[in-house]
Amino acid sequence: MKYIKVFSLCLLVLSILSYNQNKLPDGFVYAKSMIKDLDVELRYYSTNNFVGDTITGYKSNRLILTEPTVEALQNVQNELQNLGYCLKVFDGYRPQRAVNHFIRWAKDLNDTINKSRFYPEVEKRHLFKEEYIATRSGHSRGSTIDLTIIDGNTEEELDMGSAYDFFGEQSWVNYQNISETQKQNRQLLQRVMLKYGFRNYSKEWWHFTLRGEPFPKTYFDFEVE
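Numbered per mature numbering (1 follows the signal peptide of the UniProt record, and there is no 0), the sequence shown spans residues -20 to -1, 1 to 205.
Right, here's the structure in full:
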């Protein structure tokens, strides 16, 4: 009986620890708890990004956002599914420590392992001046999201004319030197996101922020886990 009580106590402690590790600040939710069929590929939890390494603060492929952002995103997903498409998300809430990682990387001018893929026409020393890297990110407020559209049957990404996180004019929303199909794909993403309360960023076709975001001046630093 004594051992059973000890075992039960251990289970209780483990349960409490697990709960605490997964408890988010008030106002934040795991996006897939509300949008079950959302495709999530957090690029900063992988090495498939401009740094070429997993970014500090990303400990799992779990998309975290403010609750109003997920509610608006559900409307976007519903409309796209009626057209045979779905959303695929590359990043949402981003801890400040991840932004700090970007800053350290940008200052190391010798680390250019992924330059040819992500910033072939931009000198690394100019990333701050040209506003590709900043000391603060709207992502850390929890209501900014990076995403694209995929085919609902094949799960292939629609061709947007440039890769996600490509630093250059090709990623600007109104860049004209792309095909008509690529322009239409961008316009679809812009139209449906703006329709449901998001505002875009003109230099990144994938980047949107919820209008009236709940934490407009707060930059959070809890980890993605």
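Here a beta-carbon is modelled for each residue, glycine too, at the ideal position from N, C-alpha and C.
{"Item": "Counting along the chain, where does the beta strand (DSSP E) carrying T128 start and finish?", "Value": "124 to 131"}
{"Item": "Going by DSSP, name the residue or residues bridged to L45.", "Value": "V9"}
{"Item": "Per DSSP, which residues does L190 bridge with? Please list them.", "Value": "F178"}
{"Item": "Quick check on DSSP: helix, strand or coil for F70?", "Value": "strand"}
{"Item": "Among residues of its own chain, excluding the 5 on either side of R166, which ones have a beta-carbon nearer than 6 Å to its beta-carbon?", "Value": "M140, W185"}
{"Item": "Given a threshold of 16 other Cβ atoms within 10 Å of its Cβ, counted over all protein chains shown, does L89 qualify as buried or as exposed?", "Value": "exposed"}
{"Item": "Can you give the Cα-Cα distance for Y65 and N55, rounded to whole angstroms?", "Value": "13 Å"}
{"Item": "Excluding the 5 residues flanking T161 on each side, which residues of the same chain have their C-beta closer than 8 Å to its C-beta?", "Value": "D139"}
{"Item": "Skipping 5 residues on each side, what residues in its chain have a beta carbon closer than 8 Å to that of P5?", "Value": "F200, F202"}
{"Item": "Is the separation between the beta-carbon of D145 and that of F30 shorter than 9 Å?", "Value": "yes"}
{"Item": "Can you tell me which of S182, Y10, K3 puts its alpha carbon nearest to the alpha carbon of Y73?", "Value": "Y10"}
{"Item": "Can you find at least 3 beta carbon pairs, one from the segment 43 to 61 and one from the segment 101 to 112, that sit closer than 8 Å?", "Value": "no"}
{"Item": "Would you say T124 and F188 are within 9 Å of each other, going by their C-beta atoms?", "Value": "yes"}
{"Item": "Would you give the residue range spanned by the alpha helix (DSSP H) that F202 belongs to?", "Value": "Looking at the DSSP string, F202 is not in any alpha helix (DSSP H), and its letter there is neither H nor E."}
{"Item": "E137 bridges to which residues according to DSSP?", "Value": "I130"}
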